[in-house]
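Report on the following structure.
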């Protein structure tokens, strides 16, 4: 699947249903907003989101979203 990023108006102006960069094709018989073959979030956006700082609701640890795997006690374990 293609990870190129284009705005909706640029995609609608394309003469053929393929990426102008990598030539990946998608189904042009499906309306653009319903096309499941187009990526939901491309690599650039995922990388930007993964840089956000998030806080664990259980232990209040703050880490980057993309590096948030850690072990902590759940609320139920702390109440015991």
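Residue numbers (this note's numbering): 1112 to 1191. Even glycine gets a Cβ: it sits at the ideal position worked out from N, Cα and C.
Does the distance from the C-beta atom of residue 1120 to that of residue 1132 stay below 7 Å?
-> Cβ distance not < 7 Å, so residue 1120 and residue 1132 don't count as in contact.
With C-beta atoms as the reference, is residue 1200 less than 7 Å away from residue 1161?
-> For the chain, the structure presents residues 1112 to 1191; residue 1200 sits outside this window and is missing.
Apart from the five residues just before and just after residue 1155, which ones in its own chain have a Cβ nearer than 7 Å to its Cβ?
-> These residues qualify, in order along the chain: 1116.
For residue 1156, which three-state DSSP category applies?
-> It is helical.
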